[in-house]
Every structure is written in C-alpha cells, then in structure tokens.
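Worksheet: the structure to be examined is printed underneath.
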Amino acid sequence: MPPVNQIPVTLLVRPNTLTTRAPHAGLAPRFVPRCSTKKILHEPMTSEPQLNLALRYHSFGNPRDVLKLESSQLVQRSADALRVRMTCAPINPSDIIPVTGAYRHLTTPPKTAGYEGFGRVVEASPQFAHLLGQRVLPLRGDGTWQRYVDCDPEIAVPVPDSISDSLAARGYINPLSAQFLLQKWPVANKRVIITGAGSNIAALLIQWAQADGAAQITGIYRSPERRDRLETLGVLPVAERDIYSVDAEAREADITFDAVGGPVGSRILNRMRLGTECVGYGLLSGQPVLPDSQNTAAHRRFHLRDELSKLDPEAWQNCFLSIWPRLAAAKLQEIQRIPFEDWQKALDLFEMPGRAHKPMLQF
Ligand SMILES: NC(=O)c1ccc[n+]([C@@H]2O[C@H](COP(=O)([O-])OP(=O)(O)OC[C@H]3O[C@@H](n4cnc5c(N)ncnc54)[C@H](OP(=O)(O)O)[C@@H]3O)[C@@H](O)[C@H]2O)c1
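Given below as structure tokens:
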C-alpha cells in the first residue's frame, strides 16, 4: 500500500473570491475572511484503508521517552466533523509541558500531542462542503501532531489567503494569549517588563504593547543571543543574571508579564511597588513564583483556557479576525521546517537555548 501522502489527489482550482457564505453555521458573512477556494478532492485509487500517523503518549514523562510515533488505520469521521490533512505545526512549550504531567489534573493519557498548526480540509459534511480544500486551524479537539485531525466545523478557523503558512501554523496559542493579556491588563503609558523575552509570545507582546502605547518595555532574557534583537525591537534588554539591573527595573515597573517564574519571577514580583501587577503566564524555569513577606505588588495568573471557556463560537472566530492583520504585520522568529518523522530532531532544536528558529513539524 502506498504511504497515505502518496495516495493520488485531484486538484480543482477556482479563482479567488470572497465567499458570501458564512464558513460557520450561525456566523454572518462579515465574519468570513478571504480564503482560497482551491479544492482538493481525495479520490483514493484503491479500496485499501488510509493510514494516520500520530505522535502520542500513553503516560506522562520526558517527551523523548514517552512520545511515540504511531500509525493506525483512519477510522470514519463522525458525520458532522471536518477532516483536516495537517500541513505543519510548531513545537511550543505549551505542547511539551502537558506531556511531562505538569497539568495532570487537566489531561489524561493516552493522548495525541500538539495544540496548534494548520492543514487543509479533505472531508466535510454537505453543510460544510464549501470548506473543502481550505486552509484551517483544526483546534481545541484532538491533538494536532498527526497527519489527520477531525474537528468541529464551528471551531475550525479559516485562514485568510493573506496569511503565510508559517504564520498560520502559529496563529493560535501565542497570538491569542498575547491579545488577551494586553486586553486584560492594558499597558498604555505604563512601564512594562516582559520576561522570557526571547520567546515568540514575548515578540508579540512587545510589538503589540508598543502599539498600545506602553511608555517603556524592558525585556529580561536568558541567552545573550537575544540582546541585539531586543534592541532592534526598541526594548531595553536586561540579562536574567544581571540581578542588580533586574531589581532596578522591577522597582520602576508598573506591570510585568512573566513566563519564567522561579527565582526570576519571584525576584521581580517581590520588588515591584504597591499598586503594580505581576502577571504570571508561564513557568519556563519549571519552578513556582514565591511571594516573600515584603511583597506588595499583586500577583495575577493567566491561562488561555480560562478565556476560551467564556467564548461562544462566534466570539472565538472574531478573536482571529483581529489577530490575522496584526500577526501579518508582526516581526517574528524564522521557522525551521523538520519532517514529522524526524520529530526528535525537532525536539533537539526546541531545547537549544538561544535558538534563532521556531521548530515546525512538516506532515
Ligand atoms: N498561560 C498561557 O495560556 C500561555 C499561552 C501561551 C504561551 N504561554 C507560555 O509562554 C512561554 C513562551 O512560549 P513560546 O511558545 O513563546 O516559547 P518559544 O518561542 O518556544 O521560546 C521559548 C523561550 O523560553 C526561554 N526559556 C526556556 N527555558 C528557560 C528558562 N529556564 N529560563 C528562562 N527562559 C527560558 C528560551 O530562552 P532563550 O532561548 O533565550 O534561552 C526561549 O526564549 C511558555 O512558558 C508558555 O507556556 C502561556
């Protein structure tokens, strides 16, 4: 049997049009982004079953030990689901951390890893047949680190033609989180600290906080490779290990967005003034933030899942309408494409301090 990606497909190309049909039941046409109507109709030449390939874990642990590439026969999708053939998906800390068991109260193996990425719709119910061939983000269902993802058509996010593949694949977790963080804690005229400043979400927070009128942004970074880039973005770069400068910046800051936690996050929180806020949204250090007895600043926490639970499908789709143009204008790290089968090499790159590229699994 040929590998599933060699099963013949027929391509039917139509001119680009702004569809007047809503891609999601119940959504008004104004929510419809301009998307390619390139159609891919799968016409397998044999009656043999297609194969899925998925990176799965059956227990928590070190991702290198517990992630396994598993092949299985594709089962029939449920009648109302979309089936998406994945194109690419990034490796984010948000994908890796749950595999270690850090959120064992929220996830239970066996599970397919991966929370974002994009692909093209290859099967749909008649009601959603207009989505066939379209690029979508098949989110909030089964894991995305697999060749085929079945998803709820109300939640699948159509990708506008103006968005490149590399941006589409990164269009969810970090952009949505950065957008919510800045909505919940506005930064206009404030002095802002961003830790883990070399990360992809920090790049978005920096650029969008500048656009929102932040008075000054200090980026606390770990790897020295980050310094020049932060300066280019108009950020005051401060090395994590330069604790005197970290202390000085913390005393002046009005708000901190902290993705590192541990000694760095604790140090900043405990030096910020009364009436200021330190928002923890990640623990890259793997250690908690510990307020001391002198602590006066407010310690807030942010989890994207808490915001998502408040959104109906229309509000969810609307989030992306504001994200796409802002994302297209943002300066982001380059990606490095790595074949899905070489996922261990992708992990090697992911774990490299100071890396210049976001690892992107190609399916
Ligand atoms: N709460 C939420 O809902 C939410 C949503 C989105 C993202 N996040 C969090 O945002 C953070 C960044 O995600 P991302 O996708 O933007 O990451 P990314 O682009 O893959 O970058 C990872 C960054 O982490 C830094 N890093 C790794 N270990 C570190 C440590 N021990 N101390 C300091 N820095 C460390 C690296 O620093 P160097 O390369 O400079 O050494 C790199 O800049 C993660 O903690 C993630 O969980 C949270």
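Take the numbering used here: the final residue in the sequence shown is number 363, and no numbers are missing along the way.
Note that the Cβ used here is the ideal one computed from N, Cα and C, for glycine as well.
Computed from a predicted model, the values in this text were never measured in an experiment.
Closer than 7 angstroms: H303 CB and nearest ligand 1 heavy atom: Translated into the one-based positions of the sequence shown, residue 303 becomes position 303. H303 Cβ: within cutoff of ligand 1.
Bridge-paired residues (DSSP) for H357: As a position in the sequence shown, residue 357 is number 357, starting the count at 1. Answer is E334, bridged to H357.
Per DSSP, the bridge partner or partners of D142: Start at 1 with the first residue of the sequence shown, and residue 142 comes out as number 142. In the DSSP output, where bridge partners are listed per residue, D142 has none listed.
Nearest neighbour of D371, chosen from L139, K184, Q134 [CA to CA]: Absent from the model: residue 371. The displayed extent of the chain is 1 to 363, so no value can be given.
Close Cβ partners of V75 (< 8 angstroms) along its chain, the five nearest in sequence each way excluded: For the purposes of this step, residue 75 is taken as the residue at position 75 of the sequence shown. Excluding positions up to five away in sequence, the list is empty.
Same chain, Cβ closer than 6 angstroms to A54, five either side skipped, listed in chain order: Here the question's residue 54 lines up with position 54 in the sequence shown. The residues are E70, T112, Q146.
For L106, three-class secondary structure by DSSP: Position 106 of the sequence shown holds residue 106. Coil, per DSSP.
V279 CB to nearest heavy atom of ligand 1 below 7 angstroms: By one-based count along the sequence shown, residue 279 stands at place 279. Not so, every heavy atom of ligand 1 lies at least 7 angstroms from the Cβ.
Buried versus exposed, by CB contacts within 10 Å (16 or more), L12: Stepping through the sequence shown from its first residue, residue 12 is reached at position 12. Residue placement at L12 is poorly supported in this model, since its pLDDT is 27, which falls under 50; the coordinates are not used for a value here.
Cβ-heavy atom distance, L327 to ligand 1, below 7 angstroms: Within the sequence shown, residue 327 is the residue found at index 327, counting from 1. No, since every heavy atom of ligand 1 falls outside the 7 angstroms radius drawn around the Cβ of L327.
Through-space distance from S293 to A168, alpha-carbon basis: Within the sequence shown, numbered from 1, the residue matching residue 168 stands at position 168. Within the sequence shown, numbered from 1, the residue matching residue 293 stands at position 293. In a straight line, the C-alpha of A168 is about 45 angstroms away from that of S293.
Of the residues L283, G119, A253, G117, the one placed nearest Y103, counting alpha carbons only: Locating residue 103 in the sequence shown gives position 103, counting from the first residue. In this structure, L283 is the residue among L283, G119, A253, G117 with its C-alpha nearest to the C-alpha of Y103.
Sub-8 angstroms separation of G119 and V149 beta-carbons: Start at 1 with the first residue of the sequence shown, and residue 119 comes out as number 119. Start at 1 with the first residue of the sequence shown, and residue 149 comes out as number 149. Their beta carbons are under 8 angstroms apart, which means G119 touches V149 by this criterion.
Check: N52 C-beta below 7 angstroms from any heavy atom of ligand 1: The sequence position of residue 52 within the sequence shown is 52, counting from 1. Checking every heavy atom of ligand 1 against the Cβ of N52, none is found closer than 7 angstroms.
Which listed residue (I173, A211, L290) has its alpha carbon closest to that of V316: Locating residue 316 in the sequence shown gives position 316, counting from the first residue. Note on residue identity: the sequence assigns Trp, not Val, to residue 316. Nearest C-alpha to W316: I173.
Beta-carbon proximity of K358 to D254, cut-off 8 angstroms: Here residue 358 refers to the residue found at position 358 when the sequence shown is read from its first residue. Here residue 254 refers to the residue found at position 254 when the sequence shown is read from its first residue. If you check the CB distance, K358 and D254 do not come in under 8 angstroms.
Candidates I91, Q50, N295, Y57: closest to M352 by CA position: Looking up residue 352 in the sequence shown gives position 352. The option with the nearest alpha carbon to M352 is I91.
Between the CA atoms of L321 and P29 - distance to the nearest angstrom: Looking up residue 29 in the sequence shown gives position 29. Looking up residue 321 in the sequence shown gives position 321. Bear in mind that the predicted position of P29 carries a pLDDT of just 35, short of 50, making it too unreliable to give a figure here.
Inside the stretch 174 to 227 only - beta strand (DSSP E) runs reaching at least 3 residues: You should have 191 to 195, 216 to 221.
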